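For what it's worth, my numbering labels the leading residue of the sequence shown as 60, then goes sequentially. By construction, the Cβ of each residue, glycine as well, lies at the ideal position given by its N, Cα and C atoms. The model shown is predicted, which means the values in this text are computed figures rather than measured ones. Heads up: the structure comes next, in structure tokens.
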Amino acid sequence: MSYDALSDAVIKGDINSATEETRKALEAGSNVQDILDQGLIAAMDVVGDRFSKGLMFVPQMLRSAKTMHECVELLKPHFQEGGVSTKGKVVLGTVKGDLHDIGKNLVAMMLEGAGFTILDLGVDVSPEAFVQEVKKENAEIMGMSALLSTTMPAMSLTIKALVDAGVRDKVRVMIGGAPVTGKYAQEIGADSYAPDAGSAVIEAKKILNI
Ligand code: B1M
Numbered sequence: 060m061s062y063d064a065l066s067d068a069v070i071k072g073d074i075n076s077a078t079e080e081t082r083k084a085l086e087a088g089s090n091v092q093d094i095l096d097q098g099l100i101a102a103m104d105v106v107g108d109r110f111s112k113g114l115m116f117v118p119q120m121l122r123s124a125k126t127m128h129e130c131v132e133l134l135k136p137h138f139q140e141g142g143v144s145t146k147g148k149v150v151l152g153t154v155k156g157d158l159h160d161i162g163k164n165l166v167a168m169m170l171e172g173a174g175f176t177i178l179d180l181g182v183d184v185s186p187e188a189f190v191q192e193v194k195k196e197n198a199e200i201m202g203m204s205a206l207l208s209t210t211m212p213a214m215s216l217t218i219k220a221l222v223d224a225g226v227r228d229k230v231r232v233m234i235g236g237a238p239v240t241g242k243y244a245q246e247i248g249a250d251s252y253a254p255d256a257g258s259a260v261i262e263a264k265k266i267l268n269i
């Protein structure tokens, strides 16, 4: 079965057509993993690539991400019975003192679209809350977002909290947000930095070698 119509609808951010195509594929007995991989994730790969190259902008990307999210919601009840595998668990949040979540939510949706399981802690997340969730869920990746230069140090404090809790070597740390740089990631001992939501998917796969 071809999932081109579904992919096109996701790329265009056409929620009605995309959910209709998803329903049709499910009714036709398509494999849930195929719908996810060949329809939705393939589309979000295109969206992420175009966004990274400056060919798509935030409102269009949000629309595509929302469209993908609605389709994933339709697939969710079928995941377990179909045995869909996750690429890994990502504990994600905006660091303590910071309330900006638009970029973080985009990263969450893109990672979800790429097959990761997202445990989104929201905004103003304390180092202790990050550590607790990483330990509880045995997460493969911990992702931190910061939009304020004044909250960037919370990233370093959160990594220190991972070290103090003895779990730093069990999780890969990815950071991002407008004031954050690759150099800063190196300085504070993060494993990875992504400048945008499309790159976050590429980086997440890279640090897990998948
Ligand atoms: Co605020 N704000 N804000 N703000 N705000 C900025 C960030 C600012 C640059 C505006 C300015 O002065 N020009 C400035 C920060 C200056 C600085 O520190 N360098 C600022 C300020 C000062 C403040 C307040 C202090 C204002 C005040 O109250 N005096 C206050 C702080 C509140 C707090 O957090 N404690 C504040 C409040 C707010 C609102 C609540 C009004 C609102 C946030 C609403 C929300 O998020 N729900 C808001 C907004 C909207 C902005 C701007 C206008 C837009 C941010 C945004 O959503 N961008 C912003 C100015 C600007 O950026 N032009 C500004 C779009 C988004 C898609 O991009 O978040 O960068 P971004 O995410 C990207 C990448 O960075 C990356 O991928 C995303 C998608 O490509 N990325 C990751 C992000 N997280 C990642 C994590 C990853 C990987 C990649 O791995 C885990």
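Proximity to isoleucine 247 across Thr78, Gly156, Met203 peaks at Met203, based on C-alpha coordinates. When rounded, the separation of the alpha-carbon atoms in leucine 165 and proline 118 is 11 Å.
Residue pairing from DSSP leaves glycine 72 without any beta-bridge partner. In summary, aspartate 93 is exposed, with fewer than 16 beta-carbon neighbours lying within 10 Å of its beta-carbon over all protein chains present.
In this structure, the ligand B1M has a non-hydrogen atom nearer than 7 Å to the beta-carbon of valine 166.
Separation of the CB atoms of serine 66 and alanine 102 is rounded to 4 Å, and the pair is thereby assigned contact status at 8 Å. In this structure, proline 254 sits away from serine 208, with a CB-CB distance that is not shorter than 8 Å.
Ranking Pro186, Gly257, Asp160 by CA distance to the CA of valine 232 puts Pro186 first. Residue range 256 to 266 is occupied by the alpha helix (DSSP H) that includes valine 260, with no beta strand (DSSP E) assigned at that position. Here isoleucine 177 has Val149, Leu151, Ala167, Leu170, Glu171 as same chain residues with Cβ atoms under 7 Å from its own Cβ, once five neighbours each way along the sequence are excluded.
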